[in-house]
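*Asks:*
Numbering (our numbering), first residue to last: 18 to 239.
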């Protein structure tokens, strides 16, 4: 019996220069991006800039933060009992300058008091041009607010925690100054509720009409 000659293998060895290289991501990245790359991290933003960007997500017309109080509590006055009721709004208070309404031919300046409510999703915005009178007591900034209520004007009380020397006085002075400017210009007829992307995502803006309508019967304790 004759032996069969073994067949030669048909496998062909690939030349070493055709074998795909195994990528090492880190070493490749170093090779691709030289050490003298001009990449620089983004600049740090100030607390004021960060706060402004947050407020503009709720109310895009805000362009300036005039003063800040870390903690404020909003009260409404009950004319029947003669006492103050907690409104359910409590949080950081901002006194803000706003851009004029686009359709206002007189380009009247606007200002508001904005409270980021930590008690719920509804933030309070008070248009200072709608405030007819401001006075100061020992503990409260008292505002008389114009509106279409049968009983006439409503009264709003703002208690500011004095976390630093002068915090309450500084914010009270800025509220009064902004109010004088906005009030002297006169209220502009609004085109409708203004809402940025955050307001659209998490809930509506709490108007003063809503605020007086939902005041609870809590006491006047801070």
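C-beta: ideal position from N, C-alpha, C; glycine also.
For the candidate residues 98, 109, 183 and 85, whose alpha-carbon lies nearest to that of residue 137?
*Replies:* Here residue 137 corresponds to residue number 120 of the chain shown, with the count starting at 1. Selected option, being the one with the closest Cα: 109.
*Asks:* Run the CB neighbour count on residue 182, radius 10 Å, all protein chains shown included, and call it buried at 16 or more, exposed below.
*Replies:* Translated into the one-based positions of the chain shown, residue 182 becomes position 165. Classification of residue 182: exposed, given that the 10 Å Cβ count is below 16.
*Asks:* Short of 7 Å in beta carbon distance, which residues of its chain neighbour residue 199, apart from the five on each side in sequence? Order them along the chain.
*Replies:* Translated into positions along the chain shown, residue 199 becomes position 182. Excluding residues within five positions, the ones whose Cβ falls inside 7 Å are 126, 127, 128, 145 and 146.
*Asks:* When you compare only the Cα positions, how much space is there between residue 196 and residue 189?
*Replies:* For the purposes of this step, residue 196 is identified with residue 179 of the chain shown, where counting begins at 1. For the purposes of this step, residue 189 is identified with residue 172 of the chain shown, where counting begins at 1. One C-alpha to the other measures close to 10 Å.
*Asks:* Taking Cβ to Cβ, would you say residue 173 is nearer than 8 Å to residue 143?
*Replies:* Locating residue 173 in the chain shown gives position 156, counting from the first residue. Locating residue 143 in the chain shown gives position 126, counting from the first residue. Taking 8 Å as the Cβ cut-off, residue 173 and residue 143 qualify as a contacting pair.
*Asks:* Where residue 184 and residue 119 are concerned, what is the direct C-alpha to C-alpha distance, given to the nearest angstrom?
*Replies:* Counting from 1 along the chain shown, the entry for residue 184 is found at position 167. Counting from 1 along the chain shown, the entry for residue 119 is found at position 102. As the crow flies, the alpha-carbon of residue 184 is around 34 Å from that of residue 119.
*Asks:* Counting only the same chain and skipping the five closest in sequence on each side, list residues whose C-beta sits under 6 Å from that of residue 79.
*Replies:* Taking the chain shown and counting its residues from 1, one reaches residue 79 at position 62. For residue 79, where only same-chain residues beyond five positions count, the Cβ hits under 6 Å are 72, 73, 113 and 115.
*Asks:* Assign residue 47 to buried or exposed, taking buried as 16 or more other Cβ atoms, counted over all protein chains shown, within 10 Å of its Cβ.
*Replies:* In the chain shown, residue 47 corresponds to position 30, counting from 1. For residue 47, the predicted model reports a pLDDT of 44, less than 50, meaning its position is unreliable; a value from the coordinates is still stated below. By the 10 Å Cβ count, residue 47 comes out exposed.
*Asks:* Ordered along the chain, which non-local residues of its own chain (more than five positions away) have a Cβ less than 6 Å from that of residue 150?
*Replies:* In the chain shown, residue 150 corresponds to position 133, counting from 1. The residues are 161.
*Asks:* Are the Cβ atoms of residue 86 and residue 159 separated by less than 8 Å?
*Replies:* Here residue 86 is taken as the residue at index 69 of the chain shown, counted from 1. Here residue 159 is taken as the residue at index 142 of the chain shown, counted from 1. No, the pair does not count as a contact, with Cβ atoms beyond the cut-off.
*Asks:* Rank 135, 83, 171 and 123 by C-alpha distance to the C-alpha of residue 93 and give the top, closest one.
*Replies:* Against the chain shown, residue 93 aligns to sequence position 76. For residue 93, the nearest C-alpha among the options comes from 171.
*Asks:* Please report the straight-line C-alpha distance between residue 111 and residue 140, rounded to a whole angstrom.
*Replies:* The residue you call residue 111 lines up with position 94 of the chain shown. The residue you call residue 140 lines up with position 123 of the chain shown. Cα to Cα, the separation comes out at about 11 Å.
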